[in-house]
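Report on the following structure.
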Amino acid sequence: MTRLPIILLALFLSFSSVAGVYPKADFSSPRKTMLYFLKTMKGYKQGDQSGLRLATQALNLSSLDNASRVISGELAAKRLINTLDRIEYIDISKIPDNTNDLKIWIYKQERIVTAIGEKLLEISIAPNKDGQWKFTPITIDTIHEFEKTVANNEVAKGVIELKSWKSRLKSYFPAWTAERSFILLNGQWFALITLMFLGIVFEKIVRSIILIRITQFFSKRNIPFIEIKSKFLSAQGVFFFSGFWLFGLKFLELPDTILSTLMRLGIVSFTVASVFTTSQVVDVICQFLESKAKISENKFDDVLVPLIRKTAKFFVFAIGLIFIGDSLTLDMKNILAGLGIGGIAFALAAKDTISNLFGSLTVLIDRPFSIGDSVTIDGKIEGIVTEVGLRSTKIRTFYDSIISVPNGALINVHIDNLGKRNYRRYTTSIGLQYDTPAEKIEAFCEGIRQIILAHKWTRKDSFHVYFNNMGGSSLDILLYLFWQVPDRSAELQERHRLLIDILRLGKELEVDFAFPTQTLHIYNEEHAQKGPLDMPYLEKGKVAANEITSHPLSTKTHRSSADAESFKENEISL
């Protein structure tokens, strides 16, 4: 056990020493390019994985597709070093270092006969468009056939042979797998089918594990997951399968033309699936947040969570659109630059959208209402808030329609939030017939006050019941009170109970309620008075007034609050 740290340290030092001997990346001549390639590949042979990545810098990969450039470049570097090692031990001093009169340096050329005719195989180094000397595209294109021509040769003396698990695995395959029946080798067709099968198995296993974990997570918190269950798996299969597909393709050693097509297909599928998968992950997270918002006392969460959902999805699809365009080889930089040039026109065209976005932020920060609040907007729109989005707020009216109000309009209008009321006011006028005695009017008003005190949800510290007006066809009693109820349904129920009790009180006191009537009086000329009133009649009015005011019917103080001490007193006086 004590020797294990020493062994690990020795391995670390050996890898460090391998990496430390790499020459500087200098491609100013064929000699320096070849030296750099051989040194970096030697490090790779000895176990340093970074050596292979560095070696590909000596190759001109401009002819390869961007999607498969890294994989095809690394495969070409392996085939090139295998070919060079089986040709001879390379003497670096014989490679030209002076490039004054040199346009290309050809190391080896060979002609082979194929089914479609002769083909020239070549290993050469030439300057690229930047003036750097690198192994030419024709070398990358023909190195596979060149490797086959020297496959039976022994590795040159003094050269470390490149060995890999793939070469050992291929030695166990039957000979027919190395034959070409249609486009690809038989073994490559078999590997592609196997990769597809393993990819399907992989995505089904991973999907099942994720679904079980999420379902358990939600069930432990008593949150239903049925609503999103069907949608959640739609893009997951493509996401995990395409990810496994991209991972496995690099091991099949396919030609670059085929590999680039399959890689491009996998990248596009993976990118599109990633966008929809991320959108579904947002749905799952927001569903969890919504469940927490429902049990919290702060109703602002009910507005915030849907807004977070819509904002997150907007950014997911916006960023995903850029990546999808990039995976389709569209020049997204130029497209975005074009959008920047037309930014002024875009801003003018989208000014309403921008205004609505700022309106959403206003709703988010200022919190003028919450989901479920009953509101009146600008005195015109009345209903219950059902949803707050990025562009508009949806109001369900009391006749059950949906009105979408742009959030930009909410910045400059009056919002009466009826849902924030602690009390709900009710005021009306009760008309009695003109022949109702004053004593009954007083008794009727007092009875209504006692009914208000007896009802559970009425506000006891502020109400008014008074004979308030002598109307055109009735004696009007003002009824003004408040209820402490949570919603409109409860308010209507309590109003119903109050009015029913008032009707019962009127019947008990034999008070008749008035309705609009007109009385026709016929003028009798014989009884018409002529001239001014006599003084005795004036005196009679004074005497009657003194008699009435000296014997009042009403209480001494107001009867508008149960908390007032005077309400408990029944003293009737001036």
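Going by my numbering, the final residue of the sequence shown carries number 1412, and the count climbs one at a time with no gaps. Here a beta-carbon is modelled for each residue, glycine too, at the ideal position from N, C-alpha and C.
Cα-Cα separation, residue i to residue j
{"i": "ILE981", "j": "ILE928", "result": "17 Å"}
{"i": "PHE1079", "j": "SER900", "result": "30 Å"}
{"i": "SER1198", "j": "LYS1258", "result": "20 Å"}
{"i": "VAL1039", "j": "LEU1090", "result": "19 Å"}
{"i": "ALA1029", "j": "ARG917", "result": "20 Å"}
{"i": "GLY1310", "j": "PHE1351", "result": "14 Å"}
{"i": "ARG1205", "j": "ALA1247", "result": "15 Å"}
{"i": "LEU1336", "j": "GLU1346", "result": "15 Å"}
{"i": "GLU926", "j": "VAL993", "result": "8 Å"}
{"i": "LEU902", "j": "SER910", "result": "8 Å"}
{"i": "ILE1340", "j": "ARG1333", "result": "11 Å"}
{"i": "LEU1343", "j": "GLU1284", "result": "10 Å"}
{"i": "THR1393", "j": "PHE1353", "result": "29 Å"}
{"i": "LEU1092", "j": "ASN1060", "result": "51 Å"}
{"i": "LEU876", "j": "GLN970", "result": "17 Å"}
{"i": "LYS1130", "j": "ALA1073", "result": "27 Å"}
{"i": "ARG1326", "j": "LEU1391", "result": "38 Å"}
{"i": "GLN1054", "j": "ALA1111", "result": "25 Å"}
{"i": "TYR874", "j": "LEU913", "result": "17 Å"}
{"i": "LEU1036", "j": "VAL1226", "result": "45 Å"}
{"i": "SER1002", "j": "LEU890", "result": "13 Å"}
{"i": "LEU1316", "j": "ILE1268", "result": "7 Å"}
{"i": "ARG1045", "j": "PHE1114", "result": "15 Å"}
{"i": "TYR1021", "j": "LEU1097", "result": "The sequence shown places Ile at residue 1021, rather than the Tyr named in the question. ILE1021 and LEU1097: Cα-Cα distance of roughly 12 Å."}
As assigned by DSSP and simplified to three states, the class of residue i
{"i": "ILE944", "result": "strand"}
{"i": "ASN920", "result": "helix"}
{"i": "PRO868", "result": "helix"}
{"i": "VAL1243", "result": "strand"}
{"i": "GLY1269", "result": "strand"}
{"i": "ASP1299", "result": "coil"}
{"i": "VAL1323", "result": "coil"}
{"i": "ASP1216", "result": "coil"}
{"i": "ASP1121", "result": "helix"}
{"i": "THR1231", "result": "strand"}
{"i": "LEU1199", "result": "helix"}
{"i": "GLU1377", "result": "helix"}
{"i": "SER901", "result": "coil"}
{"i": "GLY1310", "result": "coil"}
{"i": "PHE1020", "result": "strand"}
{"i": "GLY1081", "result": "helix"}
{"i": "LYS1067", "result": "Any reading at LYS1067 needs caution, since the residue's pLDDT is 46, under 50, leaving its predicted position unreliable; the model's value is listed next. Residue state, collapsed to three classes: helix."}
{"i": "GLY1221", "result": "strand"}
{"i": "PHE1011", "result": "coil"}
{"i": "GLY1126", "result": "Looking at the sequence provided, one finds Phe at residue 1126 rather than Gly. Helix at PHE1126."}
{"i": "PHE1236", "result": "coil"}
{"i": "ARG949", "result": "strand"}
{"i": "ASN991", "result": "coil"}
{"i": "THR1226", "result": "Per the sequence presented here, residue 1226 reads as Val, with Thr not at that position. VAL1226 falls in the strand class under three-state DSSP."}
{"i": "PHE1351", "result": "strand"}
{"i": "TYR927", "result": "coil"}
{"i": "ASP936", "result": "One point to set straight first is that residue 936 is Asn, not Asp, in the sequence displayed. Three-state result, ASN936: coil."}
Proximal residues to residue i (C-beta, below 8 Å), its chain only, five neighbours per side dropped
{"i": "THR1116", "result": "VAL1154, GLY1158"}
{"i": "LEU1084", "result": "MET1101, GLY1104, ILE1105, PHE1108"}
{"i": "ILE950", "result": "GLU956, LYS957, LEU959, GLU983, THR987"}
{"i": "MET1308", "result": "ASP1314"}
{"i": "LEU940", "result": "PRO868, PRO934"}
Chain-order list of residues whose beta-carbon lies under 6 Å from that of residue i (same chain, five-residue window excluded)
{"i": "GLY1075", "result": "GLU1041"}
{"i": "THR1214", "result": "GLU1220, ASP1254"}
{"i": "TRP1014", "result": "ASN1024"}
{"i": "THR937", "result": "SER867"}
{"i": "HIS1252", "result": "ASP1216"}
{"i": "LYS883", "result": "ILE998, LEU1000"}
{"i": "SER1212", "result": "ILE1222, LEU1256, GLY1257"}
Close beta carbons around residue i, own chain, < 7 Å, minus the five adjacent residues each side
{"i": "LEU1319", "result": "TYR1264, ILE1290, THR1296, ARG1297, PHE1301"}
{"i": "VAL1349", "result": "LEU1270, THR1274, LYS1278, PHE1282"}
{"i": "VAL1243", "result": "ILE1215, ILE1219, SER1230, THR1231, ILE1233"}
{"i": "LYS972", "result": "PHE865, THR871, ALA896, LEU897, ASN898, ILE963, ASN966"}
{"i": "VAL1120", "result": "ARG1147, ALA1150, LYS1151, VAL1154"}
{"i": "THR1235", "result": "GLU1220, GLY1221, ILE1241"}
{"i": "PHE1011", "result": "GLY1025"}
{"i": "CYS1124", "result": "VAL1143, ILE1146, ARG1147"}
{"i": "ALA915", "result": "MET879, LEU890, ALA893, THR894, LEU897"}
Residue-level contact to chain D via CB, residue i, 7 Å cutoff
{"i": "LEU1316", "result": "Structure shown: chain D not included; a single protein chain is present."}
Those runs of the beta strand (DSSP E) which lie wholly inside the region 951 to 988 and span at least 3 residues: Runs found: 955 to 965, 971 to 973.
At least three beta-carbon pairs within less than 8 Å, the region 970 to 989 to the region 891 to 898: The region 970 to 989 is in contact with the region 891 to 898.
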